[in-house]
Amino acid sequence: MKWSKYSLLAFLLTQYHEAGALRLPLYSRSKRSEGHTFSSRSNGQGYATTVGDPTVSGQSDIVYTTTVNVGGVDVLVQLDTGSSDLWIYSPDRQPKLTNTTSINNVNLTYGIGSVAGRLDFAEVEIGPYTVPSQAFLNVNATDNEPLLQLGIAGILGLAFDQLSIIAEGLEQAWGNQLGATVLTQIFRQNTSAPNFISFLAGRNTDLESPANGTFTISEYAQGYEKIIETPKLPVVLPSGSLADLPPRWDILLDGLTVNGRAFDFNKLNSSDPSTPKGKAIANLDTGYTFGPIAKQTLDFMYSAIPGAVYSESQSQWVVPCLETADISFTFSGQKIPLHPLDITSPGVTQTPNGTNVTVCLSQFVASTANAIPGIDLLLGDAFLRNVYAIFDFGDYVREDTLNVTDPYIQLLATTTDLAEAKKDFQESRSEALKSLPPTISPQQYLELLNSTQLGNSDGSGAEVLSAAESTSSSGSSDGWTMIAGKLDHYGPALLGLLAGNLVIGVILCTLGITMCIRRGATQGTPARVVNPSYAPVRLPKGDDIEHHQDSYRD
């Protein structure tokens, strides 16, 4: 989830441990965290881990995390399909290393915040899988790093090896290929098993839908087996003038419909010259809270909502909290509707006179034209909460385990009845607003924003509170702008994202998710099905190398 990448080394051989299906909860982070509590249970059917933070009161779907073991230390990490490497920060308990390097000043800089450390090797455990010696960035210094404020101590990248800075750095420094990612090492353990991961992201703001979800490796979530019948959407590999870019989870988007009207992608001027006429390139990224999309596309989506107005300073639309639109994306003829709860989100801001008010902002934001090479729309968590998604890396070819077939994505819509979704939206949003300060209209918000900008010569603007803080006496705004800037990896690519003097705080919520990892399979045997389970939680809280990524985050 960063807009910069990490740098450097990792690997050894992986070893497969016989065990049953693994279940690790993923969580959506809340803003404040005072401590961590860990508990686990294990039986013949699986493994579960719970993380809690009794101090958290605010709720909202923000960052999906789970716990992995690195060198004997349990670490809460974000699961991120937009990056490929592993970094952790564990100053109080250092992991037991299997090897170390002299590459000791690797600096990973994000839109806001940075981490630095040394490239080390340690045993990494994810359920039944053990990577005996995995390269990772062992962080020993941080600067304004928002993830740590959320109780998250690292990132586990789930993208392709070509996007790995660790792999790239090792190859450049030592001329070898020791930097395989954690997933690649797991897949190598059993080349006959299907090489896919899947996500089913829950929605905690929905009264009718439980806040559960599933992350799997080589397994389908029970009840969602029909995904095997959905179209296989080939990953769009960089070509032509973009051939030097690493592959990402990019697929062709056929259409966007808002209230029955279709957007003309021919007007978009795709950032990938090879994009077929009338289509666009969409990236699916679990590490992105807000989705940056072309301004033309954003306007088409939100101008259709009655009373909505655009905020130039924030590159977002301000929307009446109980208004919505019918928005659907189409991939290879398959229509994916968005639940209204994922189109806007409420947040609390403090006016100059100290009064707290609530306003709702778009879940997508505007990016500059062609700001992200090869990507026209970044569909993050707001989109992914409406699908069960398979990310398939391609199966190993039996004759040569170093080769794989072409990667692809499959999507199964989970929001299928828009009439029911609208009813659910009205009930869920109305209930949420009861616990928040009074709402103001979009126009009132813009007027407040403008008056605040004019009235603060120092440019500091009004103080921003998240919903979690609005009921406390804290008054601190230590982090929503920081968190949004970090979570939304493409910092500089956005037009003033959250840069206004009056920035909205997004309601933070807890989302329990189950991580299920396949024990193994024989070639030709379908991936096994696992039953999503949910545990309600409250969240806890040598050489010098520096990497910045200006276009696409790491």
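Residue numbers -21 to -1, 1 to 533, in mature numbering (1 follows the signal peptide of the UniProt record, and there is no 0), belong to the letters of the sequence shown in order.
Note that the Cβ used here is the ideal one computed from N, Cα and C, for glycine as well.
Quantities reported herein were computed from a predicted structural model and do not represent experimental measurements.
Based on the DSSP output, what are the partners of Gly96 in its beta bridges? As a position in the sequence shown, residue 96 is number 117, starting the count at 1. In DSSP, Gly96 forms a bridge with Val85 and Val118.
What is the DSSP secondary structure of Pro421, counted as helix, strand or coil? If you number the sequence shown from 1, residue 421 lands on position 442. In the structure shown, Pro421 sits in a helix (DSSP, three-state: H, G or I).
So, Ser307 versus Leu317, is the Cβ gap smaller than 8 Å? For this step, residue 307 is matched to residue 328 along the sequence shown. For this step, residue 317 is matched to residue 338 along the sequence shown. Yes, the pair counts as a contact, with Cβ atoms nearer than the cut-off.
Residues in its own chain within less than 7 Å of Gly373 by CB, not counting five upstream and five downstream? Working through the sequence shown from its first residue, we reach residue 373 at position 394. Answer for Gly373: Asn174, Val383, Thr384, Asp385 and Pro386, listed in chain order.
Distance, Ala95 Cα to Ala114 Cα: Translated into the one-based positions of the sequence shown, residue 114 becomes position 135. Translated into the one-based positions of the sequence shown, residue 95 becomes position 116. Cα-Cα distance, rounded: 15 Å.
Measuring only the C-alpha atoms, how far is Arg227 from Phe139? On the sequence shown, residue 227 is found 248 positions in, with the first residue counted as 1. On the sequence shown, residue 139 is found 160 positions in, with the first residue counted as 1. Taking the straight line from one Cα to the other gives about 7 Å.
Using the beta-carbon count (16 or more within 10 Å), is Arg498 buried or exposed? Stepping through the sequence shown from its first residue, residue 498 is reached at position 519. Summary for Arg498: the model assigns pLDDT 36, below 50, so the residue's position carries little reliability; its value from the coordinates is reported in the next sentence. Buried, because 16 or more other Cβ atoms sit within 10 Å of the Cβ of Arg498.
Contacting residues, own chain, Cβ-Cβ under 7 Å from Gln405 (five flanking each side not counted): For the purposes of this step, residue 405 is taken as residue 426 along the sequence shown, with counting starting at 1. Closer than 7 Å at the Cβ level, and outside the excluded window around Gln405, lie Leu301.
Segment contact flag, the region 153 to 167 with the region 327 to 338, C-beta cutoff 8 Å, min 3 pairs: no
With C-beta atoms as the reference, is Leu247 less than 8 Å away from Pro352? For the purposes of this step, residue 247 is taken as the residue at position 268 of the sequence shown. For the purposes of this step, residue 352 is taken as the residue at position 373 of the sequence shown. No. Outside cutoff.
Candidates Thr395, Val297 and Ser177: which alpha carbon is nearest Thr195's? On the sequence shown, position 216 is the one that residue 195 refers to. Residue Ser177 is the option with its Cα nearest to Thr195.
Pro210 burial status per 10 Å Cβ neighbour count (16 or more: buried): The residue given as residue 210 occupies position 231 in the sequence shown. Classification of Pro210: exposed, given that the 10 Å Cβ count is below 16.
Does the separation of the CB atoms of Gln57 and Ile134 fall below 8 Å? The residue labelled residue 57 in the question sits at position 78 within the sequence shown. The residue labelled residue 134 in the question sits at position 155 within the sequence shown. Yes, they are a contact pair.
Can the beta-carbon of Ser249 be found less than 8 Å from the beta-carbon of Ser218? Along the sequence shown, one-based indexing puts residue 249 at 270. Along the sequence shown, one-based indexing puts residue 218 at 239. No, they are not a contact pair.
From Thr303 to Ile284, what distance separates their C-alpha atoms? Translated into positions along the sequence shown, residue 303 becomes position 324. Translated into positions along the sequence shown, residue 284 becomes position 305. If you take the alpha carbons of Thr303 and Ile284, they lie about 6 Å apart.
Three-state secondary structure (DSSP) of Ile369: Position 390 of the sequence shown, counted from the first residue, corresponds to residue 369. Ile369 falls in the strand class under three-state DSSP.
Report the rounded CA-to-CA distance for Asn78 versus Ser112, giving the unit in angstroms. On the sequence shown, position 99 is the one that residue 78 refers to. On the sequence shown, position 133 is the one that residue 112 refers to. Looking at the two C-alpha atoms, the distance is approximately 8 Å.
Selection from Asp59, Val214 and Ile67 that minimises the alpha carbon distance to Leu137: For the purposes of this step, residue 137 is taken as residue 158 along the sequence shown, with counting starting at 1. When only C-alpha atoms are compared, the closest one is Asp59.
Alpha carbon to alpha carbon, what distance is there between Pro70 and Thr121? By one-based count along the sequence shown, residue 121 stands at place 142. By one-based count along the sequence shown, residue 70 stands at place 91. Roughly 11 Å separates the two Cα atoms.
List the endpoints of the continuous beta strand (DSSP E) containing Ala345. Working through the sequence shown from its first residue, we reach residue 345 at position 366. First-last of the beta strand (DSSP E) with Ala345: Phe343 to Ser346.
Based on Cα-Cα distance, which residue from Lys401, Lys258, Gly130 and Asn335 lies nearest to Thr45? Along the sequence shown, read from residue 1 onward, the residue named residue 45 stands at position 66. When only C-alpha atoms are compared, the closest one is Gly130.
For the candidate residues Leu232, Thr347 and Gly286, whose alpha-carbon lies nearest to that of Ser294? The count along the sequence shown starts at 1 and reaches residue 294 at position 315. Nearest option by C-alpha distance: Thr347.
Starting from Ala392 and walking both ways along the beta strand (DSSP E), at which residues does that stretch end? Counted from its first residue, the sequence shown places residue 392 at position 413. That run of the beta strand (DSSP E) goes Tyr387 to Ala392.
Since I believe Leu425 is in contact with Val298 (beta carbons under 8 Å), could you give me their beta-carbon distance rounded to a whole number of angstroms? The residue you call residue 298 lines up with position 319 of the sequence shown. The residue you call residue 425 lines up with position 446 of the sequence shown. With 8 Å as the limit, Val298 and Leu425 do not qualify as a contact, their Cβ atoms being about 12 Å apart.
Sorted by chain position, which residues of the same chain lie with C-beta nearer than 8 Å to Lys205's C-beta, five sequence neighbours on each side aside? Residue 205 sits at position 226 when you count from the first residue of the sequence shown. Result list for Lys205: Leu391, in chain order.
Rounded to whole angstroms, what is the Cα-Cα separation between residue 534 and Val338? For the chain, the structure presents residues -21 to 533; residue 534 sits outside this window and is missing.
When the distance is taken between beta carbons, is Val42 closer than 8 Å to Val103? Numbered from 1 along the sequence shown, position 124 holds the residue referred to as residue 103. Numbered from 1 along the sequence shown, position 63 holds the residue referred to as residue 42. No, Cβ-Cβ distance for Val103 and Val42 is not below 8 Å.
Roughly how many whole angstroms lie between the Cα atoms of Ile402 and Ser414? Indexing the sequence shown from 1 puts residue 402 at position 423. Indexing the sequence shown from 1 puts residue 414 at position 435. The residue you asked about is not Ile; residue 402 is Lys in the sequence shown. Distance between the alpha carbons of Lys402 and Ser414 is about 20 Å.
Starting from the Cα of Arg72, find the closest Cα among Asn365, Thr88, Gln128 and Gly50 and give me that residue. Here residue 72 refers to the residue found at position 93 when the sequence shown is read from its first residue. Checking every option, the nearest Cα to that of Arg72 belongs to Gly50.
What does a CB cutoff of less than 7 Å around Ala400 pick up in its chain, not counting 5 residues either side in sequence? Counted from its first residue, the sequence shown places residue 400 at position 421. His318, Pro319 and Thr394, listed in sequence order.
What do you reckon, are the CB atoms on Arg408 and Ala180 nearer than 8 Å? For the purposes of this step, residue 408 is taken as the residue at position 429 of the sequence shown. For the purposes of this step, residue 180 is taken as the residue at position 201 of the sequence shown. Cβ atoms of Arg408 and Ala180: not closer than 8 Å.
Determine which residues share a DSSP beta bridge with Ile134 and list them. Counting from one through the sequence shown, the residue named residue 134 turns up at place 155. Per DSSP, Gln57 and Trp66.
Going straight from the alpha carbon of Gly233 to that of Arg167, what length do you get? Stepping through the sequence shown from its first residue, residue 233 is reached at position 254. Stepping through the sequence shown from its first residue, residue 167 is reached at position 188. The sequence given here has Asp at residue 233, not Gly. So the two alpha carbons sit approximately 34 Å from each other.
Residue 574 versus Leu428, Ile260, Trp296 and Thr309, residue with shortest Cα-Cα distance: Because the chain spans -21 through 533 in this model, residue 574 falls outside it and cannot be assessed.
Can you name the residues that DSSP bridges to Glu104? Counting from one through the sequence shown, the residue named residue 104 turns up at place 125. Glu104 is bridged to Asn48 and Thr109.
Per-residue burial, Ser341 [other beta carbons within 10 Å of its own, 16 or more giving buried]: Numbered from its first residue, the sequence shown carries residue 341 at position 362. With 16 or more other Cβ atoms within 10 Å, it is buried.
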